[in-house]
Amino acid sequence: MKRLTCLLLSLLLAVGAAALPVAAEEDTIVINEDISVSANYDWTRFKDKGVKLNVYNWGLYISDGSDESVNVVEAFEQLTGIDVNYTTYDTNESLYAKMKGGGANYDIIVPSDYMIGKMIAEDMLAPLDYSNIPNAQMIGEQYRHQSYDPQDAYSVPYTWGVVGIVYNKTMVEEEPDSWNVMWDERYTNSILMFNNSRDAFAIAARKLGMSMNPKIVEEVNIIAEELKKQKLLVQAYVMDEIFDKMGGGEAALAPYYAGDALVMMEENEDLGFVIPKEGTNFFVDALCIPKTSQNKEAAEMFINFLCEPDVGLANCEFIGYSTPLDSVREMLPEELANNPIAYPSAEVLANTEAFTVLPDEINAAMDAAWSDMKSYDEEGGGWVVPVFLILALAMTCFNVWRRRRRKKRREMY
């Protein structure tokens, strides 16, 4: 992903930045020309101790040195002497499945609000020691004490945003203002849809005037039926693939996160973004430490580093998402700090809804309904797969019976 147009920073090439020494200057430590951090923190206590952090984050969700941006991970390694193994995922559900399956051991993860609540309930996260994360005090009050973590015991907000519709101005007849356009037959095979159940169900729910947090299984089924009506219009269910498809003019409409929409719009002037009048999802992605981490204090150092103003600014400009750090918001160019996509008005935010942790029964129903919807064919093809399986089983049984019959006949002769 390319960063937003940089108006404040004179960025160095990654090779040049890596060559600069870490130096102290009054109350700050200068890592490179772009990043200075507080000197009132012991950043070097793990140097030469062979500590390695396994960081698991969303794809394209940190300033990584590409397109002349700041390489945040490299700056952290240079400052602390800690090695970082950085890998990515594309949905909360894939993160959860990997964690639950015990397939890997991570020290830092960045789940969204509802998934944080789910992981807390299942005792998957470690409580944070804020004496190691003093920069967390710079998080704005409006992003603290959220319902998924009321005491902020397990999470430090990283970014926030809303969901809206990315559209190609040359391919739609008028600027959309409603989720209804995602069901408009005029755009058949030119509509992209989220490839995760929670976001997709949320959009259909808002279209129907329902809550994004279903209370009973019947509500899940109603929403699933609405998604089935949309399926034949959908070109593809996507996550990060949206960048190539919308950027390349392969689709007219797609729901996505505001931060990514800003980046796509910067790269393709034909793209626009709207927040539908029915309302939308407000989300927070936060930094957490799994309970299985073997390097908790070093992980807390990494979280503290990401909350440094210069680091937060580099990330904010590169990934496009909105910052919960008041100090970073103050450093943004006016046109970005007041951008209605990145920082919607109070009126727009009042018409948003955050995801809550759903009961197990509702989660199970949603998973089943999502799987059923993805295999559904409104024109009748939905019966093809199960019937084919039944026929295949019948043919297998018949062939087994026929082989046994032949064997008996040979034995008789």
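When you line the sequence shown up against mature numbering (1 follows the signal peptide of the UniProt record, and there is no 0), it's residues -24 to -1, 1 to 389, in that order. A virtual CB, placed ideally from N, CA and C, is assigned to each residue, including glycine.
- Bridge pairing for TRP34: TYR65 [DSSP].
- PRO266 counts as buried, since no fewer than 16 other beta carbons sit within 10 angstroms of its beta carbon.
- In its chain, beyond the 5 residues on either side, TYR90, GLY93 and LYS94 have a beta carbon closer than 6 Å to the beta carbon of VAL333.
- The region 205 to 271 contains, as complete alpha helix (DSSP H) runs of 4+ residues, the segments 218 to 223 and 234 to 243 (chain order).
- Contact between ASN61 and LYS28 holds: their C-beta atoms lie close to 6 Å from each other, under 8 Å.
- Comparing alpha carbon positions, the residue from ALA228, PRO110 and MET186 closest to ASP160 is ALA228.
- Listed in chain order, the non-local C-beta contacts of ASN327 below 7 Å within the same chain comprise GLY255, local neighbours out to five positions each way being set aside.
- Here the alpha carbons of TYR124 and SER269 stand approximately 21 Å from one another.
- The criterion of a C-beta distance shorter than 8 Å is satisfied by VAL193 and ILE338.
- With at least 16 other beta carbons inside 10 angstroms of its own, PRO152 counts as buried.
- In the structure shown, the three-state DSSP call for ASP175 is helix.
- Taking 8 Å as the upper bound for CB-CB distance, TYR17 and ASN291 are not in contact here, some 19 Å apart.
- Membership of SER303 in the alpha helix (DSSP H) is indicated by the continuous run 302 to 307.
- Contact check for VAL196 against ALA345 passes: the beta carbons are separated by less than 8 Å.
- A Cβ-Cβ separation of about 6 Å places ILE251 in contact with VAL138 under the 8 Å criterion.
- With respect to the C-alpha of SER303, the residue from MET114, ARG162, PHE249 and LYS76 having the closest C-alpha is MET114.
- Remark: C-beta atoms of VAL13 and GLU284 approach each other more closely than 8 Å.
- Leaving aside the five residues that flank VAL142 on each side, the residues in its chain whose CB is nearer than 7 Å to its CB run, in chain order, MET222, ALA230, TYR232, ALA237, MET240, LEU247 and PHE249.
- Residue pairing from DSSP places LEU101 in a beta bridge opposite PRO266.
- Counting C-beta atoms within 10 angstroms of its own C-beta, ASN314 has fewer than 16 neighbours from the protein chains shown and is therefore classed as exposed.
- If you look at LEU168, you'll find it in the beta strand (DSSP E) that goes 167 to 170.
- Sequence-distant partners of SER88 (beyond 5 residues in either direction) whose C-beta falls short of 6 Å from its own C-beta, in its chain, are ASN68, PHE259 and ASP261.
- Counting along the chain, the unbroken alpha helix (DSSP H) around SER347 starts and ends at 336 to 350.
- Taking a 10 Å sphere around the C-beta of GLY235, we find 16 or more other C-beta atoms and assign the residue as buried.
- Relative to the Cα of GLU9, the nearest Cα in the group VAL48, SER187 and ASP353 belongs to VAL48.
- Assignment of PRO152 by DSSP, reduced to helix, strand and coil, places it in the coil class.
- At a Cβ-Cβ threshold of 8 Å, VAL210 and ILE167 count as neighbours.
- Ranking PHE52, ASN171 and GLN206 by CA distance to the CA of ASN165 puts GLN206 first.
- The beta carbons of ILE84 and VAL132 sit about 10 Å from each other, so the pair does not count as a contact at 8 Å.
- In its chain, beyond the 5 residues on either side, ALA200 have a beta carbon closer than 8 Å to the beta carbon of ASP348.
- Partner residues in a beta bridge of LEU289, as assigned by DSSP, do not exist.
- At the C-beta level, PRO300 and GLY116 come within 8 Å of one another.
- Between ALA176 and the set LEU312, VAL214 and GLU53, the nearest pair of CA atoms involves VAL214.
- Cα atoms of THR135 and GLU150: separation of roughly 31 Å, rounded to the nearest angstrom.
- Across the structure, TYR319 and LYS74 are spaced so that their CA atoms are roughly 33 Å apart.
- Where VAL324 is concerned, the enclosing alpha helix (DSSP H) starts and stops at 322 to 326.
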